[in-house]
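Following our numbering, the numbering of the sequence shown begins with 122 at its first residue and continues without gaps.
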Amino acid sequence: MPTVSRFLGIVVYMNYQEHNPPHFHARYQLEEVIVNIHTGAVTGEMSRTALHMLLSWSEQHREELLANWSRARQHLPLAPIPPLT
């Protein structure tokens, strides 16, 4: 699974063979979540602090996440996204 960002121990990635709606996966230690890019809805569990940082990051980078979603659907290389600022 291609990694698009890493920050504060969180790894964000997208799969090439995915289903709608547009989303990304994130891991922190042994926890994993799936986040809807449009709504921010979360499936899975992650520590409150890590999840808060992840959601802040996803709001900052929504357009880049959507662009990578489109690239993944076309089986193109994904662009790295800067860490949380």
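Virtual Cβ for every residue (Gly too), placed ideally from N, Cα, C.
One or two residues paired with residue i in a DSSP bridge
| i | result |
| --- | --- |
| ARG148 | VAL132 and GLU153 |
| VAL125 | Per DSSP, none; premise fails for VAL125. |
| THR164 | ILE155 |
Buried/exposed call for residue i, threshold 16 Cβ in 10 Å
| i | result |
| --- | --- |
| ALA193 | buried |
| LEU197 | exposed |
Among the options, nearest to residue i - alpha-carbon criterion
| i | options | result |
| --- | --- | --- |
| SER191 | PHE145, SER126, VAL133 and GLY130 | PHE145 |
| LEU199 | LEU129, PHE128, ARG127 and TYR134 | TYR134 |
| GLU139 | PRO203, PRO201 and GLN195 | GLN195 |
| ASN136 | ARG148, GLU184 and MET122 | MET122 |
| GLY130 | GLN181, ALA147, ARG183 and HIS182 | ALA147 |
Rounded straight-line distance, which links the Cα of residue j to that of residue i
| i | j | result |
| --- | --- | --- |
| GLY161 | LEU151 | 21 angstroms |
| ALA171 | LEU205 | 11 angstroms |
| GLY165 | VAL132 | 15 angstroms |
| VAL125 | VAL156 | 14 angstroms |
| SER168 | ARG127 | 16 angstroms |
Spatial neighbours of residue i in its chain, beta-carbon cut-off 7 angstroms, leaving aside the 5 residues before and after
| i | result |
| --- | --- |
| PRO201 | VAL125 and SER126 |
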